[in-house]
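S.K.: Quick one: the structure is below, and I'll ask about it shortly.
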Amino acid sequence: MSAVHGAGAQAAELAERRWAWIVAAIILVLVATMVFTGVHWAAMPSSRVEVIDPRTLHMRGEFVEDNLGTTVDAQGQVTVRLVAQQYSFTPQCIVVPADTMVTVRGTASDAIHGFVVGRTNANVMLVPGFISTFRTRFTQVGEHLMPCHEYCGTGHEGMWGRVQVLEPAEFLRRAEPGKAVSCVPR
Ligand code: CUA
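This is the structure:
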């Protein structure tokens with residue numbers, strides 16, 4: 773074997789060794805990530821999981837029909853409650869004040885649904901048996917479409933709601949104390 777060949781083989785071995793270390797490091801990082809997330813999830817489960825019996829939604833509790841829509845409590849806190857079912861949302865049209873912190877609470881009565889509001893970051897899954905909650909602020913006054921975004925059956929693509937974002941003063945004119953309001957025509 774010539775000296776040139778010997779040097780070439782040595783360089784190749786060095787390069788392979790280097791790549792072996794890089795690959796080992798990548799695998800180590802991936803395994804460490806899996807172990808960390810696994811342990812983290814096991815040690816710190818979600819701090820609040822709210823459950824509800826989907827069979828009695830319409831009979832008692834927070835999601836009875838009279839309570840669906842938007843309410844304003846004595847402290848001025850705005851809460852929207854809605855239920856998703858195949859293939860509609862109740863209420864179909866939701867009113868909220870602009871530039872106001874709004875709490876949205878929703879659940880589903882039959883299958884997994886979900887919704888996204890226009891181009892906002894309001895985006896949630898609605899799962900039977902669980903209450904989904906999020907807080908957000910709608911800044912764009914006007915009407916936004918709210919499609920169901922989880923495949924929920926043959927009528928999925930026809931499952932749409934609407935969200936009307938009103939100027940706060942106009943919203944307050946519509947809000948009735950102790951009553952849930954919506955923009956569903958009566
Ligand atoms: Cu409800 Cu898709």
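Numbering-wise (this note's numbering), the sequence shown opens with residue 773 and increments by one.
Beta carbons are placed, not taken as given, at the ideal position from N, Cα and C, and that holds for glycine.
#1: Give the secondary structure of V807 by DSSP, where H, G and I count as helix, E and B as strand, and everything else as coil.
#2: Quick check on T875: does DSSP put it in helix, strand or coil?
#3: So the alpha helix (DSSP H) R946 belongs to, where does it begin and stop?
#4: Just mark M816 as buried or exposed, buried being the case when its beta carbon has 16 or more other beta carbons within 10 Å.
#5: Does H928 come out as helix, strand or coil in the three-state DSSP assignment?
#6: Taking a contact to mean a Cβ-Cβ separation below 7 Å, would you say V852 touches V876 in this structure?
#7: Sorry if obvious, but does the Cβ on M897 come closer than 6 Å to a heavy atom of ligand 2?
#8: Can you determine whether any heavy atom of ligand 1 sits closer than 6 Å to the C-beta of M931, and answer yes or no?
#9: Report back the beta-carbon spacing between V913 and A870 to the nearest angstrom; my notes put them in contact at under 8 Å.
#10: Would you mind working out which of F906, G925, T926, G933 sits nearest P919, comparing C-alpha positions?
#11: Could you name the residues of the same chain whose beta carbon sits closer than 8 Å to that of P826, not counting the 5 residues immediately before and after it, in chain order?
#12: DSSP puts L854 in a beta bridge; with which residues?
M.R.: The structure says:
#1: If you number the sequence shown from 1, residue 807 lands on position 35. In the three-state reduction of the DSSP assignment, V807 falls in the helix class.
#2: On the sequence shown, position 103 is the one that residue 875 refers to. Of the three classes helix, strand and coil, the one that applies to T875 here is strand, per DSSP.
#3: Here residue 946 refers to the residue found at position 174 of the sequence shown. Secondary structure note for R946: its alpha helix (DSSP H) is the uninterrupted segment 940-946.
#4: On the sequence shown, position 44 is the one that residue 816 refers to. Exposure of M816 is indicated by the presence of fewer than 16 other C-beta atoms within 10 angstroms of its C-beta.
#5: Residue numbering aside, residue 928 sits at position 156 when the sequence shown is read from its first letter. DSSP places H928 in helix when its eight states are reduced to three.
#6: Position 80 of the sequence shown, counted from the start, is the residue given in the question as residue 852. Position 104 of the sequence shown, counted from the start, is the residue given in the question as residue 876. Yes. Within cutoff.
#7: This structure does not include ligand 2; its bound ligands are ligand 1.
#8: Sequence index remark: in the sequence shown, residue 931 carries index 159 (1-based). Checking every heavy atom of ligand 1 against the Cβ of M931, one is found closer than 6 Å.
#9: What you label residue 913 is simply residue 141 of the sequence shown in a count that begins at 1. What you label residue 870 is simply residue 98 of the sequence shown in a count that begins at 1. Contact flag correct, Cβ pair sits at about 5 Å.
#10: The count along the sequence shown starts at 1 and reaches residue 919 at position 147. Shortest Cα-Cα distance from P919 to any of F906, G925, T926, G933 involves G933.
#11: Translated into positions along the sequence shown, residue 826 becomes position 54. Counting only Cβ-Cβ distances below 8 Å, and skipping sequence neighbours, we find T879, A880, S881, D882, P900, G901.
#12: Working through the sequence shown from its first residue, we reach residue 854 at position 82. Paired residue(s): G878.
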